[in-house]
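K.L.:
Handing you a structure now.
Residue numbers (this note's numbering): 413 to 636.
Right, here's the structure in full:
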């Protein structure tokens, strides 16, 4: 775990998939439905976890060309049919977000999952009360790793110094977003397959598991 004392946070933003929740089987099912319909080979779960980073409006045009909106509609039909029933909270995610919210910290989510689907999942888990704003793909002018969703997620705070905002995520794209917005990047886990990118991005914080995030916050002097 990172041992450096980070700047005291005014707000903490979280990635969603693979940081707080596990919905990868549904993502893979929907993606493979679209891939096979478009004449592409399906992906394994490991391939999906490594390749699915950018938002759909950024990634699908590269994958499917002129037919990307057709693939999008196929994906969403399959995903919407299953995502709430297959949604699982990751270990300690509920405890960590609840304790941070109860301490008075402003929490938000910045995800590349479609905004309405993201908010439906948060409501399903009963976590929507923990977050000031849940920003998904399509909510801001540009999606992660652009800084726009970070600015939208913290809009009501009137933040001028983003070194008071922590961005917590499991992937290089999260740390890129933190860099672009001027936030403090905190990596959860080891980002398998992205080690070189992570080394270049140099996150300010790193925890092997989400539960350790509470320790990082306590180090700043905030009582959690």
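Here a beta-carbon is modelled for each residue, glycine too, at the ideal position from N, C-alpha and C.
Please determine, among 456, 457, 442, the residue with the shortest C-alpha to C-alpha distance to residue 450.
P.N.:
Within the chain shown, numbered from 1, the residue matching residue 450 stands at position 38. Taking only the C-alpha atoms, the option nearest residue 450 is 442.
K.L.:
How is residue 487 classed by DSSP in three states: helix, strand or coil?
P.N.:
Reading the chain shown from its first residue, position 75 is the one you call residue 487. Helix at residue 487.
K.L.:
Are the Cβ atoms of residue 437 and residue 498 separated by less than 8 Å?
P.N.:
In the chain shown, the residue the question calls residue 437 occupies position 25. In the chain shown, the residue the question calls residue 498 occupies position 86. For residue 437 and residue 498, yes; Cβs fall inside 8 Å.
K.L.:
From what residue to what residue does the alpha helix (DSSP H) around residue 639 run?
P.N.:
There is no way to answer for residue 639, as the model of the chain reaches only from 413 to 636.
K.L.:
Among the candidates 514, 601, 613, whose CA atom is the shortest distance from the CA of residue 621?
P.N.:
On the chain shown, position 209 is the one that residue 621 refers to. The shortest Cα separation from residue 621 among 514, 601, 613 belongs to 601.
K.L.:
Which runs of the alpha helix (DSSP H) spanning at least 4 residues fall entirely within the stretch 556 to 633, listed in chain order?
P.N.:
If we require 4 residues or more, the alpha helix (DSSP H) runs fully inside the stretch 556 to 633 come out as 560 to 565, 584 to 593, 607 to 613, 625 to 631.
K.L.:
What residue does the beta strand (DSSP E) around residue 547 start on, and which one ends it?
P.N.:
Taking the chain shown and counting its residues from 1, one reaches residue 547 at position 135. 545 to 549 is the span of the beta strand (DSSP E), which, as asked, contains residue 547.
K.L.:
So what does DSSP say about residue 466, is it helix, strand or coil?
P.N.:
If you number the chain shown from 1, residue 466 lands on position 54. Correct three-state label for residue 466: coil.
K.L.:
Report back the beta-carbon spacing between residue 518 and residue 584 to the nearest angstrom; my notes put them in contact at under 8 Å.
P.N.:
Numbered from 1 along the chain shown, position 106 holds the residue referred to as residue 518. Numbered from 1 along the chain shown, position 172 holds the residue referred to as residue 584. That belief does not hold up - the Cβ atoms of residue 518 and residue 584 are roughly 25 Å apart, past 8 Å.
K.L.:
Classify residue 615: buried if its beta carbon has 16 or more other beta carbons within 10 angstroms, exposed otherwise.
P.N.:
Residue numbering aside, residue 615 sits at position 203 when the chain shown is read from its first letter. Under this definition residue 615 is a buried residue.
K.L.:
Give the straight-line distance between the Cα atoms of residue 619 and residue 587, rounded to the nearest whole angstrom.
P.N.:
For this step, residue 619 is matched to residue 207 along the chain shown. For this step, residue 587 is matched to residue 175 along the chain shown. For residue 619 and residue 587, the distance between alpha carbons rounds to 13 Å.
K.L.:
Counting Cβ pairs, one atom from each stretch, are 3 or more of them under 8 Å apart for the stretch 545 to 554 and the stretch 569 to 580?
P.N.:
With the cut-off at 8 Å, the stretch 545 to 554 and the stretch 569 to 580 do not touch.
K.L.:
Taking the alpha-carbon positions, what's the residue 359 to residue 571 distance?
P.N.:
Residue coverage of the chain in this structure runs from 413 to 636, which leaves residue 359 outside it and unanswerable.
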